[in-house]
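**Student:**
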Ligand code: AVJ
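Numbering (full-length UniProt numbering), first residue to last: 25 to 349.
#1: Under 9 Å, do residue 345 and residue 220 count as touching if we go by C-beta distance?
#2: Helix, strand or coil, according to DSSP, for residue 183 in the structure here?
#3: With C-beta atoms as the reference, is residue 72 less than 9 Å away from residue 318?
#4: Quick one: grab the DSSP three-state call for residue 298.
#5: Is residue 82 a contact residue of the ligand AVJ, with contact defined as CB to any heavy atom under 8 Å?
#6: Please report the straight-line C-alpha distance between residue 25 and residue 153, rounded to a whole angstrom.
#7: With a threshold of 8 Å, are at least 3 pairs of Cβ atoms found where one atom belongs to the stretch 81–95 and the other to the stretch 115–124?
#8: What would DSSP say about residue 353, mapped onto helix, strand or coil?
#9: Excluding the five sequence neighbours on either side, which residues of its own chain have a C-beta within less than 8 Å of the C-beta of residue 264, listed in chain order?
#10: Assign residue 32 to one of three DSSP states: helix, strand, or coil.
#11: In chain order, what residues of the same chain have a beta carbon less than 6 Å from the beta carbon of residue 30, not counting five sequence neighbours either side?
#12: Here's the rule I'm using: 16 or more other beta-carbon atoms within 10 Å means buried, otherwise exposed. How should residue 338 be labelled?
#13: Which same chain residues, not among the five before or five after residue 313, have their C-beta less than 7 Å away from its C-beta?
#14: Can the beta-carbon of residue 267 be found less than 9 Å from the beta-carbon of residue 304?
#15: Drop a sphere of 10 angstroms on the beta-carbon of residue 176, count the other beta-carbons inside from all chains shown, and report buried for 16 or more, exposed for fewer.
#16: In angstroms, rounded to a whole number, what distance separates the CA positions of residue 97 and residue 202?
#17: Since I believe residue 77 is in contact with residue 5 (beta carbons under 8 Å), could you give me their beta-carbon distance rounded to a whole number of angstroms?
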């Protein structure tokens, strides 16, 4: 029974295929140094992220899950039977709320999870197949851009691209623009886009969510260096760096950095890259933008993704937007 079609030949940024690393070289040779946030998600990073989602301070996951629990049935009613394509599917935990709603409407279940982490993609896809007997899964390992280009026509009446967890927040405004164009290009007229976005709120609440008391977020941030060591034969010493996260109120974004404690040199052999670090120097590993519901709806509209309906929680902490091309 070949239900899980497991494609690993998608793109350079997959775990299955050695990455060229030009994005790493580019980020680490500019001033200030940066790294692309998808490098958080090696198999260990994906596990650490799952732990973050359970932290008392990290409100986004449970807030979004509560919205989905309340409105998934309405979403299913609005779209009718459709293929679900999820970008950054991770553990697919929240997706189950959608699958349950579509199953309750007796719609056929077809799911295309897309993730850069092959390990978590495979284990969550297998678990879903065990739990949803009629489900068909086709997993794609790779970056969003390449995966979106690989979508094959669906046999169901329509399709919905699902992008939950406010992962959109990792994109700066220009990247966001490009991303929306890619989504628009991947959808046919009438097809759907379901987007989850974290909303602007008081700074202490935001900063606590990225500076948890158990230090899981710090570990998650530092793990990016371990991932680079593994992937590119590097000698980053995580003891030489510390986690630093704060809310930038001008740009409405959390910024995560790794701050170097003492001046030293790091070598990434496979990239033939030698890096000098000054004491106090930082590498920016992530931005996590916080959105305003009006503004993001306008941007979606401009990019040809018409917002049909918006759902939020009682505190207006998180928003879920269903759009149609
Ligand atoms: C998966 C990008 C949505 O920005 O909140 C969690 C990642 N980083 N804690 C976020 C993250 C630190 C998360 N996203």
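Ideal Cβ positions, reconstructed from N, Cα and C, are used throughout, including at glycine.
**Tutor:** Per the coordinate set shown:
#1: yes
#2: strand
#3: no
#4: strand
#5: yes
#6: Here the model assigns residue 25 a pLDDT of 35, short of 50, so the residue's position is not dependable and the matter cannot be decided.
#7: yes
#8: Because residue 353 is not part of the residues shown, which for the chain are 25 to 349, the question remains open.
#9: 284, 285, 286, 288 and 301
#10: Unreliable positioning characterises residue 32 in this predicted model, as indicated by a pLDDT of 37, which lies under 50. A coordinate reading is not provided.
#11: The predicted position of residue 30 is uncertain, since its pLDDT is 45 and thus under 50; a value taken from the coordinates is nonetheless stated next. Here the set comprises 163.
#12: exposed
#13: 193, 276 and 277
#14: no
#15: exposed
#16: 31 Å
#17: This structure cannot speak to residue 5, because the chain is shown only from 25 to 349.
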